[in-house]
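Letter by letter, the sequence shown follows residues 4 to 202 in the numbering used here. Just so it is clear, CB atoms sit at the ideal spot from N, CA and C, and this is done for glycine as well. Just so you know, these numbers come straight off a predicted model, no measurement behind them. To keep things clear, I will list the structure first and then write my remarks on it.
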Amino acid sequence: MTDYPHSADYPSPQLRVEALEALLVERGLVDPEMLDGFISRYVNDVGPMNGAKVVAKAWVDPDYRKRLLESGTDAVKELGFGGPQGEHIVVVENTPTLHNVVVCTLCSCYPWPLLGLPPNWYKDPAYRSRVVREPRKLLGEMGLELADDVEIHVWDSSAENRYFVLPNRPEGTEDLSEEELALLVSRDAMVGVAAVKAG
Ligand code: FE
Numbered sequence: 004m005t006d007y008p009h010s011a012d013y014p015s016p017q018l019r020v021e022a023l024e025a026l027l028v029e030r031g032l033v034d035p036e037m038l039d040g041f042i043s044r045y046v047n048d049v050g051p052m053n054g055a056k057v058v059a060k061a062w063v064d065p066d067y068r069k070r071l072l073e074s075g076t077d078a079v080k081e082l083g084f085g086g087p088q089g090e091h092i093v094v095v096e097n098t099p100t101l102h103n104v105v106v107c108t109l110c111s112c113y114p115w116p117l118l119g120l121p122p123n124w125y126k127d128p129a130y131r132s133r134v135v136r137e138p139r140k141l142l143g144e145m146g147l148e149l150a151d152d153v154e155i156h157v158w159d160s161s162a163e164n165r166y167f168v169l170p171n172r173p174e175g176t177e178d179l180s181e182e183e184l185a186l187l188v189s190r191d192a193m194v195g196v197a198a199v200k201a202g
C-alpha cells in the first residue's frame, strides 16, 4: 500500500473504488451484478460464525483440533469452509502462557472464509504498526489485559499464510454443547485482540 505524504489531499478510498468500478464496468471487464453478489456473499453469508464453528469443534473434538493445527486449510474444508483468501489457512493455538495475535503489516490479508471481510481497524496503519512494536500495550488499549508471564506472538498474514487464532476455551464452559460454545466465540478472539468469555 502506498503511503501518500498527504493522504488528505487524495479522494477517499470509497470514491476511488467507485471510480475504478465504473471504469471496469464501462470497459466491459467486470459485471456489476457479479460484483454485488460477491460483496453480499462476504458481508451477509460468510462471517465470523464460520470461524466460531471451527473453534467450538476444536474445543470438543481433540482429533479435529490436531488436524486443524496440522493443516488448517484441509480441516476447515471438512466443515465446508474454503474459497478465495482461504487457500493457506494456518491455525495458531493460544495456551495459558502464549497468546497469538494476527496482523497483515503489508495490507489486509485475512481468512475471508472463516471471518468474512476484515474490520476497518484491521486495515488501519496504526494497528498494523503498533501490534508489532508494542503488542501488549495495544492489546491492553483494545481491552485485552494479558498477564506479564503470558508471551505474545504476532503473526504477519500474507498471500502465503493467513493466520487464524484458536483461542483458549474459557473456564466454566464444561457443560456447554458445541453449538453453545460457538456462540461465545467472537471475531476479535479469532484475530487475537480479545479473549473468549464464558458468557
Ligand atoms: Fe495483506
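- Distances from the alpha-carbon of residue 189 to those of 57, 162, 89 put 57 closest.
- By the Cβ-count criterion, residue 146 is exposed, with fewer than 16 other Cβ atoms from all chains shown falling within 10 Å of its own Cβ.
- Counting only unbroken stretches of 3 or more residues, the beta strand (DSSP E) elements lying wholly within the stretch 144–177 are 154–159, 165–169, in sequence order.
- In this structure the stretch 147–159 lies against the stretch 126–138, because at least three pairs of beta carbons, one per stretch, are closer than 8 Å.
- Ranked by Cα distance from residue 169, the options 60, 193, 100, 26 are led by 193.
- Only residues of its own chain outside the window of five on either side were considered, and among them 70, 71 have a CB closer than 6 Å to the CB of residue 78, listed in chain order.
- Residue 103 and residue 162 have their alpha carbons spaced roughly 19 Å apart.
- Under the 8 Å Cβ criterion, the stretch 110–130 counts as touching the stretch 82–98, having at least three qualifying pairs.
- Residue 105 sits in a strand when the DSSP states are folded into three classes.
- With a cutoff of 7 Å, residue 132 does not count as near ligand 1, since its C-beta is closer than that to no heavy atom of the ligand.
- Distance from residue 112 to residue 165 at the Cβ level is roughly 6 Å; contact confirmed, criterion being Cβ atoms closer than 8 Å.
- About 6 Å separates the beta carbons of residue 176 and residue 184, which is inside the 8 Å limit, making them a contact pair.
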